Structures are given as C-alpha cells and as structure tokens.
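Protein sequence lines, in the order shown, are assigned to chains Y and H.
Quick note: the first sequence, position 111, residue 115 per our numbering, numbers continuous.
Quick note: the second sequence, position 40, residue 44 per our numbering, numbers continuous.
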Amino acid sequence: MAIPKAFSRSLWVFHLNTGSCNGCEIEIVAAITPRYDPERLGVKLVGSPRHADVLLMTGPVTHMMADKVRRVYAQVPDPKVVICIGTCGQSGGVFYESYNLDGPIDQVVPVDIYVPGCPPRPEAIIYGVVRAIELLEQREGSA
Amino acid sequence: MSTPEAGKKAPYRIPIGPVHPALKEPVLFTFEIEGEVVKKVDFAPGNTHRGVEWMGMRRNPVQIVHLTDRICGICGIVHSLSFAQAVEQIAGIEVPPRAEYIRTILHELERIQSHLLWAGVAAHELGFDSLFYLSWRVRERSMDLIEEITGNRVNYGIIQIGGVRRNITEDQYPKVLEGLKYYSDLFGKMADLFLNDVTIAMRCQGHGLLTEKDARELCAVGPTARASGVTMDVRHDHPYCAYGDLDVTPILPQKPHGDIYDRVIVRLLEIKQSIGIIESCIDQMPQGEVLWENKLPKVLATCKKAQGEAIGRVEAPRGECMHYVRMDGNEAPATWKVKASSYSNLMSWIPMLLGEQIADIPIIVASIDPCMSCTDRVTLIREGRADTLSGESLTRMSREKTRRLQK
C-alpha cells in the first residue's frame, strides 16, 4: 500500500463518543497504547477537535448527542476525514430500533471510512486510520 | 454568575462535558468555583440513553443477552451474567456446575482487565503517563486470555441462558495458568509503583474523601464503598456462580480513610484476589456439560412459559450490579430494570469534590471508576466570558500541581 507522503507530518485524531457502549472506546485506547503503538508514527489522540485531522466517531448518535456531533464536526479544520468505528455507528447495530437515536452517524455528518465490528479490533482501527492518511493526502493534493 | 465587581475570588461556574468521549454515562458537570476551590457540584447524566430496557421488552431473552453485553463494553460479562441469572431463576433453569466455574473465571478475568484499565486511567489523570502505558501494556495479557477463552476481546457473547457457549478445554488450562503467573510475578512491581510512589501518595492521600457514613447514606458500592470502610461484596454476602465453593472475603484497606489512595489499594489487592480465585477455579473445575440445553428453540419455549419475577445480582468490578426481570408468559419480559454499579456511585462524587481544587477534579471523578478517563472538554465561563479548557490543559494543571507539591 503506497503512502507517498505519509510521514510528512503527524496525524492527529480526535475521538468522539456519540452514545456508544464504551467497547469501541477501550479498543481505541488499546490501539494507542504500547502493544500497537501508532504513536511512534505520529498518530496521536488529541483533546480538542480544533487540533484534529481525523475525527473518530463511535456510537449510534443518541438524540442528546446529535447537536454536539454536528458542532464537533464543524470545529475540525478542513481537510478532514471522518471515520466511523463500530457497527452501531453504521447501522444502529443492536440498538437499531431504539426511540432515542438520531443516527446512524452518516445521517448526521458525512462519513468517509467505516470500520465495522462490535467492537473492531485495534488492528482494524489502525487500518482505518491508515486509509484516512491516504484519503487526507488526496484531499490535500486537490485542495 | 458573578459580576465583574465581585473580584477574582467570586464564585464562577465551570460546566464540564457533556462531550466526555470515554465515559460510560457522559455527564454534564457544573462546578461552582471560588478561586481554585470547588464550592458546589451538580451533574446531569443522560447523554448515552439508548433505551436499552425499552428495546429489551421487545426481544426474547436469548436476544437480550446480546443486548446486555452492549450496555457497557467494559463490564461485558457482568450485565449478561446478572440478566441470565434472573431469567434462569424465573424459568427454573439449572446451570451445569462446569458452566458456573467458567462464568466465575471470566468474571474474574474481567475484573483484572477492568482494574488495570482503571489503574492506567487514574495514572493518566495524575499526569503520570508512563504508568498509564505500563498498565495498559500489561492489561493486554488479560485481553489475550479473554480472547483465548471466549473468542472476543470485548463484548464476549459467551453467556447463554442456561450456561456458557464455549467450554474451556484441557489444553487451554496451561495458557490460562501461565497468564496468571505473569500477573502474580508482576503484582509486586505494580504494587510498588502505585503504593510507594511519592507523586501518587501526594496527590491521592487525603483527597476525594468519602466517609463511611456518606458511603452508606449515598449507597456507594464496590471498591468505592470498601475503600471507605463498608464491608460489602456480593460475592461474599450473596454467593452466586461458583463463589459459594470459594473463599472470597471483601477487601478493605487496613485502616480505611476513604480517600483516593485507599481506592487504589483496594483495586490493586482485588487484582491479586482475582488471580487466586481463577487458580482455585481451574483447580476445582468439575467435568460435564456447559449448557443446560443446546437447542435454542427449547430454551425459548421454556422462557416463554415462565412466569414470575427475579433479581440477578453480581459484584461487578465497580460494585454491585443488579437486573430485575419480570416474565408474564410472553416471549419478551414484561419488565426489565438494570441498575449498573456506576449508577450507585455517582452521587458520592458530590462529597468527594467539595472543597477540592480544580486540578484534582479529573482524578476524583476517575477515582470511582465511572468507566474511563473523564474530562475532554471544559468550558470555563467567568464573568460571562467563555474560555475553553481542553483535556490537555486540565492534564497540564494536574501536572503543575504535582510539581508545586514536589517543591
């Protein structure tokens, strides 16, 4: 897989929970800790969406969170890539029939990359982020 | 809100949240602050309300078990186990002894991974990131063991009404025992790092106090209550699964003060206790079936005929977790109520946080283990002006406090 300018700068990731069960959250944190350690490649979780290149979203978007999801999305500077982690963000998953969902995520904000799984393994999450690097480079090239 | 004339020390309000990316129950905190000191605390949960109970009342028990797995991704087995227990009581389903032991082993493995997860998060909240990475690195070993037994890392899906889906085979015993040995060898090092470290002692001793009286009055559960000196542990008080055959006593600090440090001690000692429990489970494991009935239609038919109500209680890593189920002869339960352990512990935040400094908020909020790291975005509203304090600046404030104390 060709990533021509992958290491030209670090990729910063903001993680937003839209009402998930925490399963994806711990796998995301597991993915940044020493066993997998993408931080050595500059992939880092940041505390503010304004610093981020990539938005990692988990959860089926509950009614109360929908507005916050839109606001956080608007705060991430362009060019940006949105990754949806986990099955419930893609289809609602086991929560599909709930009365309190505004999701799935792609009905609230545009999503570029889907990482399925309930929850996906850390390897899958890292693979999703690698695809995000490629997409980001294309967008930067065209911008 | 204060007026500009009231001066710097006048109370101002800090709302924290509700974007709490890693919290099980994202909460909007409102702190009234005077100078650096917390004067008043309020919180409003409800952001991740997914209507799980409502959905459950439209599904059959076999389907609900998978839904319960996803109430919380960290206490995966706790909810499915207590729900299964309640349904098994109503329908009169006998769980085979071997299945009870497998449930116990997984329950304790989950406790190990959850407490290590918490230890890492707590270290991170103190600004001690090397310890955070160490805790999470050693945690991966328990994830490997869970994956070896259940096939999944998170949301195990191993509990079934009437038993467990997968057996532990003889050739898996050595792998499990090897993993346990890894943890017992490591325990001394971890205890040394957490308990003999000056930084941790300075930041945790005497902070986030919860008295025994408050713990009882606010119905705190689990390690939070035990650190305050309340002797309670469902595994000891009302043994379920295989705990009746095992020697489990509630773990309390020698002299409970009810501060953050005591909560660290309790959780560390519980990791050691869990290692012992799994070892004796493997040692005493009975032979036989792991499921009451293999054929799902028969399980469903039995559940459909069942009438009555029951409560399933388990001791989750965070405290007592309870499921109330009432079945009235339909496919779906007539009532299903879940009381998770963090729910009981949330109110204890208020006495813990009063009189503490802003820099101590992250570790105190994390100290009851409300699932994961706390604050990600804080908006500071002072005299009508809003500044944004990110999680990073809170971590920075936390580190600055450590440095001040070290001087």
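For glycine and all other residues, C-beta sits at the position ideal for the given N, C-alpha and C.
Bear in mind the structure is a predicted one, so any value in this text is a computation, not a measurement.
Please list the terminal residues of the continuous alpha helix (DSSP H) segment that includes residue i.
i, result
"Asn349 of chain H", "Ser345 to Asn349"
"Arg143 of chain H", "Asp133 to Thr154"
"Trp58 of chain H", "Val56 to Gly60"
"Val66 of chain H", "Pro65 to Asp73"
"His240 of chain H", "Val238 to Asp241"
"Cys208 of chain H", "Val202 to Cys208"
"Ser118 of chain H", "Pro101 to Glu129"
"Thr228 of chain H", "Gly226 to Ala231"
"Lys299 of chain H", "Here Lys299 of chain H belongs to no alpha helix (DSSP H), and DSSP marks it neither H nor E."
"Gly96 of chain H", "Unbroken run through Gly96 of chain H: none, as it is neither H nor E."
"Ser188 of chain H", "Tyr177 to Leu199"
"Ala78 of chain Y", "His67 to Gln79"
"Arg271 of chain H", "Ile264 to Gln288"
"Arg220 of chain H", "Glu216 to Glu221"
"Gly359 of chain H", "From DSSP, Gly359 of chain H is part of no alpha helix (DSSP H); its letter is neither H nor E."
"Cys28 of chain Y", "Gly27 to Ile36"
Please classify residue i as buried or exposed, where buried requires at least 16 neighbouring CB atoms within 10 angstroms.
i, result
"Ser134 of chain H", "exposed"
"Leu140 of chain Y", "buried"
"Val202 of chain H", "exposed"
"Arg239 of chain H", "buried"
"Ser188 of chain H", "exposed"
"Thr22 of chain Y", "buried"
"Arg44 of chain Y", "exposed"
"Asn200 of chain H", "exposed"
"Arg1 of chain H", "No answer is possible for residue 1 of chain H: the residues shown for chain H start at 5 and end at 411."
"Met376 of chain H", "Confidence in Met376 of chain H is poor, its pLDDT being 34 and thus under 50, which makes the residue's placement unreliable; the coordinate value appears in the next sentence. Per the 10 Å Cβ criterion, buried."
"Asp380 of chain H", "With a pLDDT of 26 at Asp380 of chain H, under the threshold of 50, the modelled position of that residue is not reliable, and the figure given next carries that caveat. Answer is buried; the Cβ neighbour count reaches 16."
"Lys185 of chain H", "exposed"
"Thr383 of chain H", "Because Thr383 of chain H sits at a pLDDT of 32, beneath the cut-off of 50, its placement in the model cannot be relied upon, and the following sentence gives the value as read from the coordinates. Thr383 of chain H should be labelled exposed."
"Asn334 of chain H", "exposed"
"Phe18 of chain Y", "buried"
"Gln111 of chain Y", "exposed"
"Pro25 of chain H", "Its pLDDT being 44, under 50, Pro25 of chain H is placed unreliably by the model, and the measurement read from it follows with that caveat. So Pro25 of chain H counts as buried."
Residue i lies in the beta strand (DSSP E); which residues open and close that run?
i, result
"Arg330 of chain H", "Gly323 to Asp332"
"Tyr20 of chain Y", "It is Leu, not Tyr, that sits at residue 20 of chain Y in the sequence shown. Here the beta strand (DSSP E) through Leu20 of chain Y covers Trp16 to Asn21."
"Arg17 of chain H", "Tyr16 to Ile20"
"Gln311 of chain H", "Gln311 to Ala320"
"Tyr118 of chain Y", "Ile117 to Val119"
"Leu59 of chain Y", "Val58 to Thr62"
"Val85 of chain Y", "Val85 to Ile89"
Does the separation of the CB atoms of residue i and residue j fall below 8 Å?
i, j, result
"Phe198 of chain H", "Val303 of chain H", "no"
"Glu216 of chain H", "Gly233 of chain H", "yes"
"Thr339 of chain H", "Ile97 of chain H", "no"
"Leu20 of chain Y", "Leu59 of chain Y", "yes"
"Ala48 of chain H", "Ile315 of chain H", "no"
"Arg102 of chain H", "Pro290 of chain H", "yes"
"Ala224 of chain H", "Asn349 of chain H", "yes"
"Ile163 of chain H", "Val69 of chain H", "yes"
Distance check for residue j and residue i, CA to CA, integer angstroms please.
i, j, result
"Tyr244 of chain H", "Val134 of chain Y", "46 Å"
"Leu15 of chain Y", "Pro120 of chain Y", "22 Å"
"Ile165 of chain H", "Ala88 of chain H", "5 Å"
"Gly388 of chain H", "Ile18 of chain H", "Summary for Gly388 of chain H: the model assigns pLDDT 35, below 50, so the residue's position carries little reliability, and this model does not support an answer."
"Met69 of chain Y", "Pro100 of chain H", "43 Å"
"Glu283 of chain H", "Leu181 of chain H", "7 Å"
"Val56 of chain H", "Val65 of chain Y", "14 Å"
"Glu36 of chain H", "Val369 of chain H", "16 Å"
"Arg125 of chain Y", "Glu38 of chain H", "45 Å"
"Glu274 of chain H", "Arg169 of chain H", "27 Å"
"Arg408 of chain H", "His53 of chain H", "41 Å"
"Thr37 of chain Y", "Glu101 of chain Y", "35 Å"
"Tyr177 of chain H", "Gly96 of chain Y", "38 Å"
"Arg157 of chain H", "Cys76 of chain H", "13 Å"
"Ala390 of chain H", "Met61 of chain Y", "With a pLDDT of only 40 at Ala390 of chain H, under the threshold of 50, the placement of this residue in the model should not be trusted, and no figure is reported."
"Ile20 of chain H", "Asp332 of chain H", "43 Å"
"Ala246 of chain H", "Gly292 of chain H", "15 Å"
"Pro15 of chain H", "Gly63 of chain Y", "36 Å"
Find the residues of chain B that neighbour residue i, judging by a C-beta separation of less than 7 Å, and give them in chain order.
i, result
"Trp296 of chain H", "Protein chains Y and H are contained in the structure displayed, whereas chain B is not."
Is any non-hydrogen atom of the ligand ZN found closer than 7 Å to the C-beta of residue i, if you look at the structure I gave you?
i, result
"Leu59 of chain Y", "Summarising the ligand content, the structure contains no ligands, and the ligand ZN is consequently not present."
Legend entry - the stretch 258-271 of chain H: positions lying closer than 8 Å to chain Y by Cβ: Those would be none; no residue qualifies.
Legend entry - Residues from the stretch 106-134 of chain Y in contact with chain H, defined by Cβ distance under 8 Å: The residues in question are Cys122, Pro123 and Arg125.
Legend entry - Contacting positions in the stretch 34-58 of chain Y - beta carbon closer than 8 Å to chain H: So the list reads Ala34, Thr37, Pro38, Arg39, Val50, Gly51 and Ser52, given in the order they occur along the chain.
Legend entry - Cβ-based contacts, 7 Å cut-off: residues of the stretch 66-80 of chain H near chain Y: Flagged, chain order: His70, Leu71, Arg74, Ile75, Cys76, Gly77 and Ile78.
Inset, instruction - Could you please tell me which residues of the stretch 119-144 of chain H, in chain order, have their CB closer than 7 Å to any CB of chain Y? - result: Within the stretch 119-144 of chain H, the qualifying residues are Leu121, Tyr137, Trp140, Arg141 and Glu144.
Inset, instruction - Give, in chain order, every residue of the stretch 62-73 of chain Y whose Cβ lies closer than 9 Å to some Cβ of chain H. - result: Listed by position along the chain: Thr62, Gly63, Pro64, Thr66, His67, Met68, Met69 and Lys72.
Inset, instruction - Taking only beta carbons into account, state which residues of the stretch 145-173 of chain H come closer than 8 Å to chain Y, listed in chain order. - result: Within the stretch 145-173 of chain H, the qualifying residues are Met147, Arg157, Val158 and Asn159.
Inset, instruction - Check distances from the C-beta atoms of the stretch 16-33 of chain Y to those of chain H and list, in chain order, the residues that come in under 9 Å. - result: Within the stretch 16-33 of chain Y, the residues whose Cβ lies closer than 9 Å to some Cβ of chain H are Phe18, His19, Leu20, Asn21, Thr22, Gly23, Ser24, Cys25, Asn26, Gly27, Cys28, Glu29, Ile30, Glu31, Ile32 and Val33, listed in chain order.
Inset, instruction - Quick one: which residues of the stretch 77-99 of chain Y get their C-beta closer than 7 Å to a C-beta of chain H? List them in chain order. - result: Hits within the stretch, in order: Val98 and Phe99.
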